[in-house]
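In the order they appear, the protein sequences are chains G and Z. Using the working numbering, you'd call the opening residue of the first sequence number -1 and step up by one each time. Using the working numbering, you'd call the opening residue of the second sequence number -1 and step up by one each time. I have placed the structure first, in the form of C-alpha cells, so that the comments after it can refer back to it.
Protein chains: 2
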Amino acid sequence: MSAPIFDTISFIGVGLIGGSMARDIKAAGLARHLVGYARRQETRDEIEALGLVDQVASELADAVREADLVVLCVPVGAMGQVAADMAPHLKPGAIITDVGSVKRQVLVDLRQSLSAANPIVGGHPLAGTEHSGPSAALTGLFRQRWCVLTPEADTSILALEKVRALWEAMGSNVEVMDADHHDKVLAITSHLPHLIAYCIVHTATGLEAQTQEEVIKFSASGFRDFTRIAASDPVMWRDIFLNNKDAVLEMLQRFSEDLTALQRSIRYGEGESLQQVFTETRAVRRSIQDAGQAGTFDAREPEAMPLSLLAPYASD
Amino acid sequence: MSAPIFDTISFIGVGLIGGSMARDIKAAGLARHLVGYARRQETRDEIEALGLVDQVASELADAVREADLVVLCVPVGAMGQVAADMAPHLKPGAIITDVGSVKRQVLVDLRQSLSAANPIVGGHPLAGTEHSGPSAALTGLFRQRWCVLTPEADTSILALEKVRALWEAMGSNVEVMDADHHDKVLAITSHLPHLIAYCIVHTATGLEAQTQEEVIKFSASGFRDFTRIAASDPVMWRDIFLNNKDAVLEMLQRFSEDLTALQRSIRYGEGESLQQVFTETRAVRRSIQDAGQAGTFDAREPEAMPLSLLAPYASD
Chain G
-1 MSAPIFDTIS FIGVGLIGGS MARDIKAAGL ARHLVGYARR QETRDEIEAL GLVDQVASEL
59 ADAVREADLV VLCVPVGAMG QVAADMAPHL KPGAIITDVG SVKRQVLVDL RQSLSAANPI
119 VGGHPLAGTE HSGPSAALTG LFRQRWCVLT PEADTSILAL EKVRALWEAM GSNVEVMDAD
179 HHDKVLAITS HLPHLIAYCI VHTATGLEAQ TQEEVIKFSA SGFRDFTRIA ASDPVMWRDI
239 FLNNKDAVLE MLQRFSEDLT ALQRSIRYGE GESLQQVFTE TRAVRRSIQD AGQAGTFDAR
299 EPEAMPLSLL APYASD
Chain Z
-1 MSAPIFDTIS FIGVGLIGGS MARDIKAAGL ARHLVGYARR QETRDEIEAL GLVDQVASEL
59 ADAVREADLV VLCVPVGAMG QVAADMAPHL KPGAIITDVG SVKRQVLVDL RQSLSAANPI
119 VGGHPLAGTE HSGPSAALTG LFRQRWCVLT PEADTSILAL EKVRALWEAM GSNVEVMDAD
179 HHDKVLAITS HLPHLIAYCI VHTATGLEAQ TQEEVIKFSA SGFRDFTRIA ASDPVMWRDI
239 FLNNKDAVLE MLQRFSEDLT ALQRSIRYGE GESLQQVFTE TRAVRRSIQD AGQAGTFDAR
299 EPEAMPLSLL APYASD
C-alpha cells in the first residue's frame, strides 16, 4: 500500500474508466475514501454489487461534498452541466479533473461554473477496451499507457502534481501539454480515424442490398476492422466532434485534399506518385516502431496486425 | 493423405500465399509434384532451403512445362507479362489460376496471351499475415477463410471444380462470383480502407515537425492501426488501385460525398444527424456478428478490438 495521495476521491460516472481508476486506487491505497455517482439506479446497484467504491451516491451534491478530487467520467458534452450542478457543493480547494477526449472545450465548460477556489487539471488517459459500464472496469488498465494532463495556465503546481502522482501510481506515463495542442494531436491520431471509420461503414450501408450482403460476408478483408470502430458509442463521439470542431475540421480539410490528389492519381493512372506516397507512409510506421509505440509493450494490446487488413498475396 | 487433385502444380512466386498453399498441398498430398519459380536467386535459395516445393525453377518455361495447374502469385500488374512469357510453354489443358486482389483486369490480362486450350479460374483467398516472402509461409493459413473464384464465362465446370476442390481441401470456404462483382465488393471492403489508411498517414506526414513527433508518441490512440495498414507493400497496392480503377473511384466518390456531409454536420453543430449516422453504423457491426464474421472463428485473427481505437472514457 502506498501513502494516500487524496483523502476522498469522487467519481462522476463509474464505468470502464472511472471504475478501473477506482479499482487501482483502492488496491494501492491511493485514497482513503472513494465515492461514486451514477444517474441511474440500475447503474448504482451494479457499482455497489461490484464494490468499486466505498460509497455510492444518488445525488451529485452528496457525491462531491467531501471530495478532495472529483473525476468527471461523462461524455464531453455533459461536462458543463455536471460542473454547474456540482459547483455549489464543492469544498474550496477540491481539485477537478476529467477523462474526456477533448480538452479545450471541457476546460472552458468547467470553468464557466466552477469557482477560482477549485483548480482544474484536464486529463485524458489513452486507454480503453471495447466494453463499457461498471462491469467493464479492469485492474491495471492504465499501466504503461499515456495519460495527457492539460492544466489551466493558473492551475497551481501542487494541484497538477497531485493529479500527476495519482496517474503515475496507476502506472501511466504522464505528459503535460496545452489543451489546444492536445486537441490538435488527438484530432489526427484519434478523432479523424474514428470519423473516417464511421463514414466508410455509412457509405457501405448506402450500397444496393446484394452488395451490402456481400460486404458483410467478405468483411474480413479489411472492412470489419472499420465496423468495430464505427460501433463506438454514438453520443460520446457526437460530443467529441462537436467539441473539437476546429481541430477536426482542419485535419479533415487536409485529409480531403490529400485524398483528392490520390483519387486523381488513380484516375489518370499515375502509378509513380501512388507508389511514392505508399512508400513514404512506411517511414511513419518505422518511426512508431522506433518509438516503442508499435504495441509490443503491452499485452492488453494485441500486437498482431489484423490479418484481414493485409495483403492477400505475395510476390517473389 | 487425400487423393491428389493435380499431378503437377507450379507456383509463379512462392511467398506468403504461394508458399502457404505449397505447405498445405504437400501436407495433404493434394498434388504429386510441386514446382516453384522465383525471379531472384536469393529467393530461390530460400524456397529450396525451406523445402516448400519439390523443384525450384529459375526459368519460367521450365517451371510451367509439366504443370496441370499454374498458380500466379505475383502483383496484379505483373500478371499479364508473366502470362505472355509462359503461354508458349504451357501444356494444353493446363489450368491457370491466381491469387490477386483484383479479378476483372487480371482475367483480361491473362487471356490476352493464353490460348483457349488453357482455362482460367481467377482466385482470391482472403487471408494473409503481416509478413511476406517464402519464410512467411504458414500451414493452415486458408483454413476457415473465404476464397473467391472468378472463372471466365466459358471456363469448363471441370476446371472450376478442380480449383474449388483444391481450396476446399486447404480448408477454405469457396464462393464463385463474377469478376466485376468481386471487384466492386472488394473495392469497399478492402481497397478503399487501404487507400484511406495510406491517406491519413500521408496527411500526418504533412504536419509541422512538433505535431508529427507527438502524432508518433500518441499514436496508440487510433492512428497506429492505420500506420500498420499504410506499411503494406507499395507496389502491390499501386497495382491494385490502378487495376481496379473504376470500382475504387466509384466507391471513393460515394465515400467523399458522405464525408463532406459529415464535415458539414460538424461545422454547423448538427449533433442529431451525426448521432443518427453513428447509430446506424452499429447495425452493420451487428450484422457482421450475426454472420459469424466478427472474428471469433479463427484464432489467427485477434478477436479483441484494437484497444487504442476505443473510447477513452465511460459514461454512467
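C-beta atoms are modelled at their ideal positions from N, C-alpha and C, and glycine is treated no differently. Everything numeric in this text was worked out from a predicted model, so none of it was measured.
Contacts with chain Z at 9 Å (Cβ-Cβ) include residue 285 of chain G.
Contact between the region 245 to 253 of chain Z and the region 192 to 207 of chain G is present: 3 or more CB-CB pairs across the two stretches fall below 8 Å. For residue 215 of chain Z, the closest Cβ of chain G is nearer than 9 Å.
Secondary structure in the region 71 to 141 of chain G: the alpha helix (DSSP H) runs of 4 residues or longer, each lying completely within the stretch, are 77 to 84, 102 to 111 in chain order.
Residue 242 of chain G and residue 265 of chain Z have their C-alpha atoms spaced approximately 10 Å apart.
Across the structure, residue 197 of chain Z and residue 32 of chain Z are spaced so that their CA atoms are roughly 40 Å apart.
Between residue 161 of chain Z and residue 126 of chain Z, the beta carbon gap of about 19 Å keeps them out of contact (Cβ cut-off 8 Å). Here the region 80 to 96 of chain G makes contact with the region 107 to 116 of chain G; the two share three or more CB pairs at distances below 8 Å. Looking at the DSSP output, residue 6 of chain Z bridges to Z:31.
Distances from the CA of residue 68 of chain Z to each of Z:74, Z:47, Z:97, Z:75 were compared; the closest alpha carbon is that of Z:97.
Chain-order list of chain G residues neighbouring residue 273 of chain Z: 232, 233, 236, by C-beta distance under 8 Å.
Below the 8 Å Cβ cutoff, chain G contributes no neighbours of residue 95 of chain Z, its closest Cβ being approximately 12 Å away. Within the same chain, Cβ atoms closer than 6 Å to the Cβ of residue 5 of chain Z are found at 30, 66, the five residues on either side in sequence being excluded. The Cβ neighbour count for residue 156 of chain Z, taken over all protein chains shown within 10 Å, is under 16; the residue is labelled exposed.
Taking all protein chains shown into account, residue 262 of chain G has fewer than 16 neighbouring C-beta atoms within 10 Å of its C-beta and is therefore exposed. Contact annotation for residue 239 of chain G against chain Z: 264, 272 [CB-CB distance below 7 Å, chain order]. With a 10 Å radius around the Cβ and a threshold of 16 neighbouring Cβ atoms, residue 208 of chain Z comes out exposed.
Per DSSP, the continuous beta strand (DSSP E) segment holding residue 148 of chain G begins and ends at 144 to 149. One Cα belongs to residue 194 of chain Z, the other to residue 193 of chain G, and the distance between them is close to 12 Å.
For residue 267 of chain Z, the neighbours in chain G by C-beta distance under 9 Å run, in chain order, 240, 243.
Taking a beta-carbon distance threshold of 9 Å, residue 200 of chain G counts as an interface residue toward chain Z.
Distance from the CA atom of residue 38 of chain Z to the CA atom of residue 154 of chain Z, rounded to whole angstroms, is 35 Å.
Between residue 87 of chain G and residue 62 of chain G, the CB-CB gap stays under 9 Å. Judged by DSSP in its simplified three-state form, residue 205 of chain Z adopts coil rather than helix or strand. Within 10 angstroms of the beta-carbon of residue 285 of chain Z lie 16 or more other beta-carbons, which makes it buried. For residue 172 of chain G, the uninterrupted beta strand (DSSP E) segment begins and ends at 171 to 174. Residue 50 of chain Z sits in coil when the DSSP states are folded into three classes, being neither helix nor strand. Among the CB atoms of chain G, none fall inside 9 Å of the CB of residue 24 of chain Z.
Residues of the region 176 to 196 of chain Z whose Cβ lies closer than 7 Å to any Cβ of chain G, in chain order: 182, 183, 184, 186, 187, 188, 190, 191, 192, 193, 194, 196. With distances taken between CA atoms, residue 17 of chain G lies nearest to G:130 out of G:130, G:164, G:28. Scanning its chain for C-beta atoms nearer than 8 Å, with the 5 sequence neighbours on each side dropped, one finds around residue 191 of chain G the residues 227, in chain order. Excluding residues up to 5 positions away in sequence, 44, 48 lie with their Cβ nearer than 7 Å to the Cβ of residue 133 of chain G in the same chain.
Of the residues Z:166, Z:118, Z:119, the one whose Cα lies closest to the Cα of residue 140 of chain Z is Z:166. Approximately 12 Å separates the beta-carbon atoms of residue 257 of chain Z and residue 239 of chain G; this is outside 8 Å, ruling out the contact. DSSP places residue 12 of chain G outside both helix and strand once states are collapsed to three, so it counts as coil. Under DSSP, the beta-bridge partners assigned to residue 68 of chain G are G:8, G:94.
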